[in-house]
Amino acid sequence: MTHPPGPESCPGRASRLLESVTMTRFLSRLGAALLLAALGAAAARQSPRHDLTVFAASSLTDAFTALAHAFEAANPGAHVSLDFAASSTLATQILQGAPADVFASADRAQMARITDAGLQQGSPAPFAGNRLVVVVPAGSSIKDVKDLARPGVLLVLAAQQVPAGHYADAMLAAAAAQPGYGPAFVQAVHANVVSREPNVRQTAAKVALGAADAAVVYATDARGLPDVRSIPIPAALQPAIAYPLVALRSGADPSGAAAFRAFVLSPAGRATLAAYGFAPPP
Amino acid sequence: MRTRLPAGLLVGTGLVLMLLLVLPTLALLARSAMPSFLSALQGPTVTAALRLSLGTTAVSLLATVVLGTPVAYLLARFAFRGKALLEALLDLPLVLPPVVAGLALLLLVGRRGLLGAPLEAAGVHVAFTSAAVVLAQLFVASPLYIRSMKAAFRSTPPSLEAAAVTLHASRLRAFRRVTLPLTLPAFIEGCVLTWTRALGEFGATIVVAGSLAGRTQTMPLAIYAELERNLNTALAMGAVLTLVAFALLLTFRRLTRAA
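Written out as structure tokens, the structure reads:
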């Protein structure tokens, strides 16, 4: 580093000293600012706001965001924190002690992990249904479920333990016994699977990003995606998809949890779910 | 400046962070030390993931050394316009969130990516293959190697090489016999850091390579998947990775002290 010549007798050392003083001052100010920010964050945490934590399946992202807003509007002072992930991820987190008040799962198997551990308050209630579709990029040559068996198709499914992946496996198992598909079709489709994603939204995103040729997701996931077309899957191959909802004992606000559960099951709640493309529970 | 701070204060405040850095690992090891430890590691996914992790990191480390050494030498020994900019660009993958790195790679080599589309036309698939796993590791980890070799080349005076040349050594021989031995500690450090970073790669890999057992599901991805299926398996795999990484760091300390 060079310094402009100054009037001092020893310009280099003086300006370096000055620099180090300025630096020390800067660092101590930065430290103070960080400390204040940390204290502020801690204080904000302790505000007496009524916080309800809702864990919901990835596919519910849009519908439950709307439901939470409607719930907050109907219950002044209430604040809903939402956490979306694969139902399997959420169930694992709840079993490991995550402080959730409500759990909305995309299948019964993940809900059973919670009820088997006795963490529920009341019984789980089915509140929605769904259908599987194949999503492809808008200009894709894939027109039918049967095209998924074509060699070279990059197919993405959700992971096996994730409900959407479990349903996709059930769909393929049904296809094995179905005339027009059969075991050869299923084997060819399995050979085309290039990834099993951590949740259904990431599965759909792989097609939206143009990385994969096709993905099996819920009909509701395809709705908001740009440049993506969805191909219906025949009724004979559709698994029964049921979303159960439960209020948890482990949360911080058991009465709020029960109120949110009732709200989702109410006519207004069901109307919101229908507006986002969800079917009534099977 | 030379006066020391009181030792009690140092230990007291230092202990907080030291505990925070050490206790999580101990908790993981304590919890995974169970009778079923070995049987938990015997599933086919575990062996496939371990094999894939070792294979891909070996390839990415080799590529890093072969391709990264000239880069480090170039940056250390030559001055040219735009060098500061280039150095910042080469360091960027280190500070990028891994998910962003994965997204960037996907937009480059994905089916409709910048390079992916022409490659696809030529019949070469990168995304969702083991090659994508290696690419992700190379992208996030090789800058660590470049950094440590660059510093080492910089601190080795070129005059030593010049002296060897005056003693009738060829330039390559001078580099091999003079510069390389002097940079050995940095070389080991660079390799260890690059390899452990590549071994732990998660975010970029899951975005650009996906997660398929046996093909792209490396140890960290398999641990993530097992978390929801079988916690004991996930714990055992986590403990294995931890022990491997720790053994490496310890060996590296020994080696550099000896060198």
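Protein sequence lines, in the order shown, are assigned to chains R and W. Residue 30 is where the first sequence starts when you use this note's numbering, and the numbers rise one by one after that. Residue -7 is where the second sequence starts when you use this note's numbering, and the numbers rise one by one after that. Glycine included, every Cβ here is placed at the ideal spot set by N, Cα and C. Bear in mind the structure is a predicted one, so any value in this text is a computation, not a measurement.
What residues from chain W crowd round residue i, counting only those whose CB sits closer than 7 Å?
i	result
Val22/R	In this structure chain R extends from 30 to 311, so residue 22/R is not present and cannot be described.
Pro192/R	In chain order: nothing, as chain W lies at least about 11 Å away.
Thr118/R	Glu220
Ala121/R	In the sequence as presented, Ala is not what sits at residue 121/R; that position holds Thr. What Thr121/R touches in chain W: Leu219, Glu220.
My guess is that residue i and residue j are in contact by the Cβ rule of under 8 Å, so how many angstroms apart are they, rounded?
i	j	result
Ala41/W	Met141/W	At roughly 30 Å, the Cβ-Cβ gap does not stay under 8 Å, so Ala41/W and Met141/W are not in contact.
Leu277/R	Gln149/R	6 Å
Thr232/R	Gly306/R	Between Gly306/R and Thr232/R the Cβ distance is about 17 Å, and since that is not below 8 Å, they are no contact.
Leu37/W	Ala214/W	Position check: residue 37/W holds Thr in this sequence, whereas Leu was assumed. About 6 Å separates the two Cβ atoms, so the contact holds.
Ser45/W	Leu191/W	6 Å
Pro90/W	Ala196/W	5 Å
In chain R, which residues lie with their C-beta within 7 Å of the C-beta of residue i?
i	result
Gly102/W	Leu238, Gly239, Ala240
Glu112/W	Neighbours of Glu112/W on chain R: none; closest Cβ ~10 Å, over 7 Å.
How far does the alpha helix (DSSP H) with residue i in it reach, from first residue to last?
i	result
Tyr137/W	122 to 147
Leu97/W	90 to 101
His160/W	Counting along the chain, His160/W falls outside any alpha helix (DSSP H), and DSSP gives it neither H nor E.
Pro261/R	Note, Pro261/R: premise wrong, no alpha helix (DSSP H); beta strand (DSSP E) at 257 to 261.
Pro192/R	192 to 205
Phe179/W	176 to 191
Val174/R	Per DSSP, Val174/R belongs to no alpha helix (DSSP H) and is neither H nor E.
Arg23/W	-1 to 24
Glu101/R	90 to 103
Arg252/R	Where Arg252/R is concerned, there is no enclosing alpha helix (DSSP H), given that its DSSP letter is neither H nor E.
Please state the DSSP three-state secondary structure of residue i.
i	result
Gln75/R	Residue placement at Gln75/R is poorly supported in this model, since its pLDDT is 48, which falls under 50; the coordinates are not used for a value here.
Ala239/W	helix
Gly151/R	strand
Tyr65/W	helix
Arg165/W	helix
Tyr247/R	strand
Asp282/R	coil
Phe289/R	helix
Arg245/W	helix
Val163/R	strand
Thr210/W	coil
Thr197/W	helix
Val118/W	coil
Asp242/R	coil
Val182/R	coil
Phe84/R	strand
Gly60/R	helix
Gly168/R	coil
Ala71/W	coil
Ala157/R	strand
Ala187/R	strand
Pro311/R	coil
From what residue to what residue does the beta strand (DSSP E) around residue i run?
i	result
Leu274/R	271 to 277
Pro268/R	Counting along the chain, Pro268/R falls outside any beta strand (DSSP E), and DSSP gives it neither H nor E.
Tyr305/R	Element bounds for Tyr305/R: n/a, residue is neither H nor E.
Asp112/R	107 to 114
Ala205/W	Per DSSP, Ala205/W belongs to no beta strand (DSSP E) and is neither H nor E.
Ser31/W	Unbroken run through Ser31/W is the alpha helix (DSSP H), 29 to 32; no beta strand (DSSP E).
Asn225/R	In the sequence on display, residue 225/R carries Arg and not Asn. Its beta strand (DSSP E) spans residues 222 to 226.
Ala133/R	131 to 133
Along chain W, in chain order, which residues have C-beta atoms closer than 9 Å to that of residue i?
i	result
Glu226/R	Ile198, Gly202, Ser203
Val185/R	Phe120, Gly202
Val222/R	Leu204
What residues of chain R sit near residue i, judged by a beta carbon separation below 9 Å?
i	result
Ala217/W	Ala188, Gln189, Gln190, Arg225, Pro227
Thr5/W	The premise fails here: Thr5/W is roughly 13 Å from chain R at the closest Cβ pair, so nothing lies under 9 Å.
Thr208/W	Val223, Ser224
Is residue i near residue j, with beta carbons less than 8 Å apart?
i	j	result
Arg225/R	Ala167/R	no
Ala144/W	Arg189/W	no
Gln139/R	Ser110/R	no
Leu302/R	Ala154/R	no
Val132/R	Phe100/R	According to the sequence displayed, residue 132/R carries Phe and not Val. For Phe132/R and Phe100/R, no; Cβs fall outside 8 Å.
Val191/R	Val229/R	yes
Ile262/R	Leu161/R	yes
Met229/W	Leu33/W	yes
Thr17/W	Thr243/W	no
Thr97/W	Ala128/W	The question names Thr, yet the displayed sequence has Leu at residue 97/W. For Leu97/W and Ala128/W, yes; Cβs fall inside 8 Å.
Asp130/R	Gly298/R	no
Ala243/R	Ile143/R	no
Ile260/R	Val165/R	yes
Along chain R, which residues have their Cβ under 8 Å away from the Cβ of residue i?
i	result
Thr175/W	Here the premise fails: no neighbours, minimum Cβ distance about 27 Å.
Quick one: list the residues of chain B neighbouring residue i, beta-carbon separation under 8 Å, in chain order.
i	result
Leu98/W	Going by chain labels, chain B is absent from the structure shown, which instead holds the protein chains R and W.
For residue i, is the beta carbon positioned less than 7 Å from some heavy atom of the ligand MN?
i	result
Arg221/W	The ligand MN is not part of the structure shown, which contains no ligands of any sort.
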